[in-house]
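Numbers in my numbering are just positions in the sequence shown, counted from 1, shifted up by 1. C-beta: ideal position from N, C-alpha, C; glycine also. As C-alpha cells, the structure follows; a few thoughts come after it.
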Amino acid sequence: MMKFWNKRAQLGVLTENVAFEDEIKTIQKELKDKVKKKFAGSLAIRMVDSGSCNACEAECNALSNPYYDLERLGIYFVASPRHADVMLLSGVMSFNMTPHVLDAYEQIPEPKWVITLGDCPAMQAPFEKTFAIKAPAKEHLQVTHHIKGCPPSPKEIMQGLLDFLKKI
Ligand code: SF4
Numbered sequence: 002m003m004k005f006w007n008k009r010a011q012l013g014v015l016t017e018n019v020a021f022e023d024e025i026k027t028i029q030k031e032l033k034d035k036v037k038k039k040f041a042g043s044l045a046i047r048m049v050d051s052g053s054c055n056a057c058e059a060e061c062n063a064l065s066n067p068y069y070d071l072e073r074l075g076i077y078f079v080a081s082p083r084h085a086d087v088m089l090l091s092g093v094m095s096f097n098m099t100p101h102v103l104d105a106y107e108q109i110p111e112p113k114w115v116i117t118l119g120d121c122p123a124m125q126a127p128f129e130k131t132f133a134i135k136a137p138a139k140e141h142l143q144v145t146h147h148i149k150g151c152p153p154s155p156k157e158i159m160q161g162l163l164d165f166l167k168k169i
C-alpha cells in the first residue's frame with residue numbers, strides 16, 4: 002500500500018494537463034470580463050446549421066458541460082433568433098438551407114453579428130461551385146468573425162468568441 006502512495010506522490014496526477022487548464026482559465030476570465038463590458042453580462046447566441054456534418058455542433062455542445070461551462074461566463078445558446086445577439090453559423094450553406102439561414106438572420110434584432118464556425122461556411126473553390134452548395138457564407142451575410150477548424154475544439158471556439166468580442 003505504501004508503495005502505491007509513494008509512487009502516486011512522485012508522479013502526481015497523470016491525467017491532468019495543468020498548462021491546458023491554465024489557458025482555459027485565462028480565456029474564461031477574459032470572456033467573462035468582455036461579456037460584462039460589451040453585453041451587460043449576457044451574450045445570447047443562436048446556432049444555425051446550414052448543412053454541416055454535426056461535428057461542429059458536437060464541439061459546441063461540449064461548451065455547456067461543467068468543465069467549459071459557458072453559461073457561467075454569461076454566454077447562452079438560445080432557441081430563437083429573436084432572443085439572440087449573435088448568429089453562430091456552421092455548415093456549407095446548402096441550397097436548401099440558405100433561405101432559412103437568411104430568414105433566421107432577419108429575425109435577429111439589431112444590433113446583430115454573424116460568426117462563422119468551422120471550415121465549411123468559408124469553403125472556397127471548387128466545392129462551392131456546385132448546385133447544392135452556396136458557400137462561402139460571406140457572400141450572403143456580413144460575417145464579423147470566422148472561427149476556423151474542422152471541427153474547432155471547444156478551446157478554439159472559446160478563443161474565437163473572445164477574439165470576436167475584442168473585435169467589436
Ligand atoms: S467544418 Fe468540418 S467538422 Fe465542421 S461541419 Fe464542416 S466538415 Fe463538419
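Residue i: CB within 8 Å of a non-hydrogen atom of the ligand SF4
i: P152; result: yes
i: A138; result: no
i: A56; result: yes
i: C61; result: no
i: S91; result: yes
i: S43; result: no
i: S81; result: no
Alpha-carbon to alpha-carbon, residue j and residue i
i: R9; j: V19; result: 17 Å
i: K37; j: Q11; result: 42 Å
i: L166; j: D120; result: 20 Å
i: S1; j: Q143; result: Residue 1 is absent from the model: the chain starts at 2 and stops at 169.
i: C54; j: T27; result: 31 Å
i: P112; j: K168; result: 15 Å
i: K130; j: M48; result: 25 Å
i: E140; j: L74; result: 32 Å
i: L51; j: D104; result: Position check: residue 51 holds Ser in this sequence, whereas Leu was assumed. Near 12 Å, if we compare the C-alpha coordinates of D104 and S51.
Test item: CB-CB of residue i and residue j under 9 Å
i: S91; j: F78; result: no
i: A133; j: A123; result: no
i: L163; j: K35; result: yes
i: L118; j: I76; result: no
i: I116; j: T145; result: yes
i: P153; j: G161; result: yes
Counting beta carbon pairs with one atom in the region 40-60 and one in the region 150-167, are three or more of them shorter than 8 Å? yes
Tell me, please, whether the region 82-101 touches the region 33-48 by the rule of three or more beta-carbon pairs shorter than 8 Å. yes
Are there three or more Cβ pairs, one per stretch, closer than 8 Å when the region 95-103 is compared with the region 136-148? yes
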